[in-house]
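The sequence shown maps to residues -26 to -1, 1 to 316 in mature numbering (1 follows the signal peptide of the UniProt record, and there is no 0). The C-beta atom is built at its ideal place from N, Cα and C for all residues, glycine as well. This report concerns only the one structure given below.
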Amino acid sequence: MAAATGLQALAAVLLLLVAAVPQAAAAGLTDKPLVLPGRVRPQVAAAAAARPEPIERFGYFSPATNPARKLFYWFFQARSATTGAAINATTTPVIAWFNGGPGCSSLWGMFVEHGPYSLSTSRQLVPNSFTWATVGHMLYIDQPIGTGLSYSTKPGDATTSQLDVAQTVSTAQDCGTADLYNCYRSLDARVEAYIAANKARLGAPASVDYQACASQPYQSLLHDMTVSYDDLVGALVDNGVPVMVFSGEDDWVCNSLASAQWLDGLIWSRQRRWKVAPVQAWAGGTFKRVGPLSFVRVANAGHMVPLDQPALSLLMLRQWIATGQPTVPNPTVKSSRRRQRL
C-alpha cells in the first residue's frame, strides 16, 4: 500500500504543477512546457483550433528523503479523442506508466506504445490516434535512477530493491478525487536518437547518457529479482484496489500462460473463487474477473500490446476504468496486428 500511496501523491504534485499552483515550487519540482522540434500538428477545423490545448510538461522531481535523486517525468493532460481539446474534469484519472527491465526508459513506452505522439522514421512527432491520453492524464517516469534521463548527483548512488523504487517515487500530497492507474511494462534506436538530440532542451545534464534500456539499474537490482512481491498484489486486491493484468497471447518473454499461473497461485481472500471462475470472450481476446482482480489476454499481440494492438489496448483500458472489466464484444474494433518498422 505504501507504493500506491506514493504514486498517488506524486500524481497530485504534478497536477498541482500543471495547474500552476504555488505549492508546486515547494515540492522540489522543476518543469518546462513541451517545446521540441519535429512536432507535426494535425489539421483541424478553425473552431476546434480555438479550443484549449492540453497541457504538456516535462522535468525533474526529487523525493524529500533523497534530494540527490533526480527523476525525470513527462506529463500529458487528457484530451478529447475527437477534437484534441484539453479535458480538465476533477474526476479524470491519472495513468502512471513505468517501463520495466529494470532499467528501461518509460519514454520508449511513451513514443512507441501509447503516448500522444509517435516518432516517424524522420524523427517527426506525429499525433497518435490511439493514445491513452484520451482516457486520462498520462504520466511517464524514468525509474529507478540511472534509467533514461533520471540520475543522482551522489556518486555511486543506486537503487537496490523494489521497495527502494517505491520509496523514491513518494511525497506527501493529496490526489483529490482523481484516480491513479499504475501501468508497468517492459527498447529503440529512434527514440534514443531523438532524446539524445534534444537532451539539453529536456533539462538533462550532459553527463546523462540516455539509453532505451540501461544495464546499471538492471545489475543493481539483479539480486532482488528472485524476491516475490505477490503479497503486495494480494494486499491491494484484498483492500479493494482494482488490478488488471494483461498479456499478449503471442508474448514469449512474459507469456500469458505464466501470467495465468501466478495469478492462480496468488494468495488473497478470493483465491478459490478465482481458480474456478470462467474465462469469458471479449472483442480482443479473453478475460477473467473476480472482484477487483482482472486478467486479460489480448489476441494477436506480443510483449508490447499497445504497439501490436493499439485500438484494442485503448478499448481495454477505457472499459476497465469505466466498468472494472472488458465488457461485451465491440464489433467496431477488430483484432489486427500493427507492426511499426523500428
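Contact under 8 Å by Cβ, residue i with residue j
i: glycine 122; j: valine 68; result: no
i: glycine 208; j: tryptophan 236; result: no
i: tyrosine 114; j: glycine 83; result: yes
i: serine 233; j: serine 221; result: yes
i: alanine 60; j: proline 28; result: yes
i: valine 250; j: glycine 259; result: no
i: leucine 286; j: alanine 255; result: no
i: leucine 267; j: tyrosine 168; result: no
i: aspartate 204; j: leucine 240; result: yes
i: serine 181; j: threonine 108; result: no
i: phenylalanine 104; j: leucine 288; result: yes
Best match in the options for proximity to residue i [C-alpha to C-alpha]
i: cysteine 228; options: Glu30, Arg247, Ser181 and His277; result: His277
i: glycine 77; options: Pro280, Leu45 and Gln245; result: Leu45
i: glycine 120; options: Ala42, Asn172 and Gly58; result: Ala42
i: glutamine 51; options: Thr57, Thr66 and Ala38; result: Thr66
i: serine 36; options: Tyr125, Leu210 and Ser96; result: Tyr125
i: aspartate 212; options: Leu231, Trp248, Cys187 and Gln190; result: Trp248
i: phenylalanine 261; options: Ser80, Asn40 and Gly298; result: Gly298
i: arginine 164; options: Tyr184, Gly58, Asn73 and Val272; result: Tyr184
i: glutamine 98; options: Val86, Trp106 and Lys128; result: Val86
i: tryptophan 210; options: Thr95, Arg244 and Leu81; result: First, the residue type needs correcting, since residue 210 is leucine and not tryptophan in the sequence shown. Comparing Cα positions, the closest option is Arg244.
i: tryptophan 71; options: Gly214, Thr200, Pro118 and Ala55; result: Pro118
i: proline 216; options: Tyr168, Trp226, Arg263 and Lys173; result: Arg263
i: serine 96; options: Thr200, Gly214, Arg175 and Ala171; result: Ala171
i: aspartate 224; options: Gln283, Asn40, Thr200 and Arg292; result: Gln283
i: threonine 127; options: Ser103, Tyr34 and Phe104; result: Tyr34
i: asparagine 274; options: Ser194, Trp226, Arg292 and Pro26; result: Trp226
i: glycine 58; options: Pro90, Asn73 and Gly74; result: Pro90
i: asparagine 62; options: Asn73, Thr39, Met112 and Asn40; result: Met112
i: asparagine 73; options: Asp116, Thr39, Gln190 and Gly265; result: Asp116
i: alanine 188; options: Glu30, Thr39 and Gly75; result: Gly75
i: glutamate 166; options: Pro129, Leu206, Leu81 and Pro179; result: Leu81
i: leucine 176; options: Thr64, Phe49, Asn40 and Pro26; result: Phe49
i: glycine 265; options: Gly214, Pro179, Ala178 and Glu30; result: Gly214
Per DSSP, the bridge partner or partners of residue i
i: phenylalanine 50; result: Glu30 and Met112
i: valine 270; result: Phe220 and Phe261
i: serine 124; result: DSSP, once it has assigned bridges, lists no residue as partnering serine 124.
i: leucine 45; result: Phe35
i: glutamine 254; result: Phe261
i: cysteine 187; result: Cys78
i: alanine 60; result: Arg53
Inter-residue CB distance, residue i and residue j (contact presumed, cutoff 8 Å)
i: proline 252; j: histidine 88; result: Contact doesn't hold; Cβ gap of about 29 Å is too wide.
i: methionine 218; j: tryptophan 294; result: 5 Å
i: serine 79; j: alanine 186; result: 6 Å
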